[in-house]
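This report refers to the structure that appears directly beneath it.
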Amino acid sequence: MSEKKTTHFGYQTVDAEAKQGKVAEVFHSVAAKYDVMNDLMSFGIHRLWKRFTMEFTGVRKGDSVLDIAGGTGDLTMKFSDLVGPEGKVVLADINDSMLKVGRDRLLDKGYSGNIECVQANAESLPFEDNSFDVVTMAFGLRNVTDKDQALREFNRVLKPGGRLLVLEFSKTNNPLLKKAYDLYSFTALPFMGKLITNDSESYRYLAESIRMHPGQDELKAMFEDADFANCEYHNLTGGIVALHKGIKP
Amino acid sequence: MDQTLVQGALASAQRIINQALRYDAASAQKLAALAPKVLAIEITQPAMVIYVQFGEQLRLMAHYEDQAQARLQGDLQAFINLASNKDKHAALMKSDIQIQGSSQLAMGLADAMSDLDIDFEAMLSELTGPVVAHVVGKNLRRFGGWLKGSGEKLKQDTVEYVRDELQLAPHKLEGESRFTEIHKLKLDSERLEARINRLATHLNKPT
Numbered sequence: 204m205s206e207k208k209t210t211h212f213g214y215q216t217v218d219a220e221a222k223q224g225k226v227a228e229v230f231h232s233v234a235a236k237y238d239v240m241n242d243l244m245s246f247g248i249h250r251l252w253k254r255f256t257m258e259f260t261g262v263r264k265g266d267s268v269l270d271i272a273g274g275t276g277d278l279t280m281k282f283s284d285l286v287g288p289e290g291k292v293v294l295a296d297i298n299d300s301m302l303k304v305g306r307d308r309l310l311d312k313g314y315s316g317n318i319e320c321v322q323a324n325a326e327s328l329p330f331e332d333n334s335f336d337v338v339t340m341a342f343g344l345r346n347v348t349d350k351d352q353a354l355r356e357f358n359r360v361l362k363p364g365g366r367l368l369v370l371e372f373s374k375t376n377n378p379l380l381k382k383a384y385d386l387y388s389f390t391a392l393p394f395m396g397k398l399i400t401n402d403s404e405s406y407r408y409l410a411e412s413i414r415m416h417p418g419q420d421e422l423k424a425m426f427e428d429a430d431f432a433n434c435e436y437h438n439l440t441g442g443i444v445a446l447h448k449g450i451k452p
Numbered sequence: 214m215d216q217t218l219v220q221g222a223l224a225s226a227q228r229i230i231n232q233a234l235r236y237d238a239a240s241a242q243k244l245a246a247l248a249p250k251v252l253a254i255e256i257t258q259p260a261m262v263i264y265v266q267f268g269e270q271l272r273l274m275a276h277y278e279d280q281a282q283a284r285l286q287g288d289l290q291a292f293i294n295l296a297s298n299k300d301k302h303a304a305l306m307k308s309d310i311q312i313q314g315s316s317q318l319a320m321g322l323a324d325a326m327s328d329l330d331i332d333f334e335a336m337l338s339e340l341t342g343p344v345v346a347h348v349v350g351k352n353l354r355r356f357g358g359w360l361k362g363s364g365e366k367l368k369q370d371t372v373e374y375v376r377d378e379l380q381l382a383p384h385k386l387e388g389e390s391r392f393t394e395i396h397k398l399k400l401d402s403e404r405l406e407a408r409i410n411r412l413a414t415h416l417n418k419p420t
């Protein structure tokens, strides 16, 4: 009998097939208060990390962009302005609760016309080969069960010369910052989660999943394994977050 | 410097500039006409590059994936001098700032900035209502006029005192005449140097 494939869900080891459902539960639980929590947890700094990401996208008018795990559509809105009416932005997320919040938020802010909302799994994207100029994933990769497969999918749907940008929590080398960050994420984060969404477990998972996510160099190597060229990363806030970039040759 | 801090500074500056441009429709229109071009402002001391993308809203970036259409390069002091000068077009031409690429884009920005006239009264009226804004605006304009007049008078008096009473500086015309003489002397000496070089080449030529 073959052994079941396992993966991590925070610090727990779970069946690979079960992780997707468990992550879905987390995001169903936090979707309604996702933006408020993001601002609170990061003191609003996540906006600056996303702003930095936008600078590396090189998006122009008429481009087609896939914002995978786009959640509440922060990046999608910026892309929508940049690509103009002749371009296209696809806001994709595996979680329908997050996607609904994102779609409503976009409509409330007057964004429509060049945006499509698609429920999609990063490991098997429902798009043709070579269809996007840019693919971005902000704070989503660590929740994906098979990250290598997801990276290969991003490569497949990108046009040659297209770029992938992954913004994700990473590892800091600064011992002082690491200590403060650990204290903050394992005590303050679950407490805030309990206070605002009445769900401390989801935020404990968030802190644990960040620790289990590959570091800067490891993720860069995964980009290279997925056939991306000119791979590079940029640390932000002392390495708490890193932006990885790769070009499809 | 950590990029988070850079992005924070740029985001704040961008917000303030775009907010201010809402109250000067003419300048905003001039800048929008330059869309979607990008100007790089490269400060050499301290080393820093800021990219400005033109459009209905200005976008400030620390990084730009493509080549900027124009690049202004100089030290911080040169940019401060430029910013404090009223006629930015002329100041840019005279300054130590190097222009690379489309000078038209750089001049377009300089023109728009020279004519910048933000309606602070309209800005204030959104917070306080038109009556209070008008009263505050009127008094501020009066105070501004007095400040400007007094500043000019002080400058003029100081110049006259240094030049006529202390006799530490020459008159402007005197100075210009001396500079013309020095320039002429420089040209003469260069001509003489060229002649000497030619003569030396002539004498060293094998017969």
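If you're matching them up, the sequences are chains X and F in order.
As numbered in this note's numbering, residues 204 to 452 make up the first sequence, in order.
As numbered in this note's numbering, residues 214 to 420 make up the second sequence, in order.
For each residue, glycine too, the CB sits at the ideal point set by N, CA and C.
This one's a predicted model, so the numbers in the text were calculated from it and none came from an experiment.
Taking 8 Å as the cut-off, decide whether the C-beta atoms of residue i and residue j are in contact.
i	j	result
Leu302/X	Phe335/X	no
Met274/F	Gln266/F	yes
Leu269/X	Val338/X	yes
Arg345/X	Ser412/X	yes
Gln242/F	Arg272/F	no
Gln216/F	His249/X	no
Ala272/X	Asp296/X	yes
Ala346/F	Leu337/F	yes
Lys312/X	Met425/X	no
Gly321/F	Ser308/F	no
Asn317/X	Gly290/X	yes
Ser327/F	Lys301/F	yes
Val375/F	Leu367/F	no
Glu269/F	Ala246/F	no
Gly265/X	Gly287/X	yes
Leu289/F	Gln313/F	no
Arg407/X	Pro393/X	yes
Tyr314/X	Ser283/X	yes
Lys451/X	Gly364/X	yes
Lys253/X	Ala341/X	yes
Ile310/F	Phe292/F	yes
Gln220/F	Leu251/X	yes
Ser388/X	Gly396/X	no
From the DSSP output, which residues share a beta bridge with residue i?
i	result
Gly287/F	Ile256/F
Ile230/F	Partner(s): none; Ile230/F has no beta bridge.
Asn324/X	Ser327/X
Val265/F	Leu252/F, Leu273/F
Gly314/F	Ala283/F
Val293/X	Leu269/X, Glu319/X
Asp218/X	Thr209/X
The beta strand (DSSP E) spanning residue i covers which residue range?
i	result
Pro363/X	361-372
Leu439/X	432-439
Gly449/X	444-450
Residue i touches chain X at which residues, Cβ-Cβ below 7 Å?
i	result
His276/F	Glu258, Phe259
Gln220/F	Leu251, Arg254, Phe255
Ala241/F	Simply none; closest approach about 17 Å.
Asp279/F	Gly261
Taking residue i as the query, report the chain F residues whose CB atoms sit under 7 Å from its CB, ordered along the chain.
i	result
Thr440/X	Asp215, Thr217
Ile297/X	What Ile297/X touches in chain F: nothing, since even the nearest Cβ is about 28 Å away.
His437/X	Gln216
Ile248/X	Thr217
List the endpoints of the continuous alpha helix (DSSP H) containing residue i.
i	result
Val338/X	Taken as a continuous stretch (DSSP letters only), Val338/X belongs to no alpha helix (DSSP H), being part of the beta strand (DSSP E) at 335-341.
Ile409/F	385-417
Gln369/F	343-373
Asp385/X	378-386
Gly305/X	299-311
His302/F	301-307
Thr260/X	248-260
Asp237/F	Looking at the DSSP string, Asp237/F is not in any alpha helix (DSSP H), and its letter there is neither H nor E.
Gly396/X	392-400
Ile331/F	Segment: none, Ile331/F is in no alpha helix (DSSP H) and carries neither H nor E.
Phe282/X	277-286
Which residues in chain B sit within 9 Å of residue i, going by Cβ to Cβ distance?
i	result
Ile413/X	In the structure shown, chain B cannot be found, because the protein chains are X and F.
Please list the partners that residue i has in chain F, where partner means a Cβ-to-Cβ separation under 8 Å.
i	result
Ile271/X	Near Ile271/X there are no residues of chain F at all, since even the closest Cβ is about 20 Å away, more than 8 Å.
Kindly list, in the order they appear in chain X, the residues whose Cβ is closer than 9 Å to that of residue i.
i	result
Ala224/F	Arg250, Leu251, Arg254
Stretch-stretch touch, CB-based, cutoff 8 Å, three pairs: the region 324-341 of chain X with the region 393-409 of chain X = no
Meets three-Cβ-pair contact criterion under 8 Å: the region 410-423 of chain X and the region 441-450 of chain X | yes
Below 8 Å, can you find three or more Cβ-Cβ pairs linking the region 233-251 of chain F to the region 285-297 of chain F?
-> no
Pairing CB atoms from the region 252-267 of chain X with CB atoms from the region 235-244 of chain X, are three or more of them under 8 Å?
-> no
Does the pairing of the region 426-444 of chain X with the region 365-376 of chain X give three or more beta-carbon distances under 8 Å?
-> yes
Contact the region 324-338 of chain F vs the region 220-237 of chain F: 3+ CB pairs below 8 Å | yes
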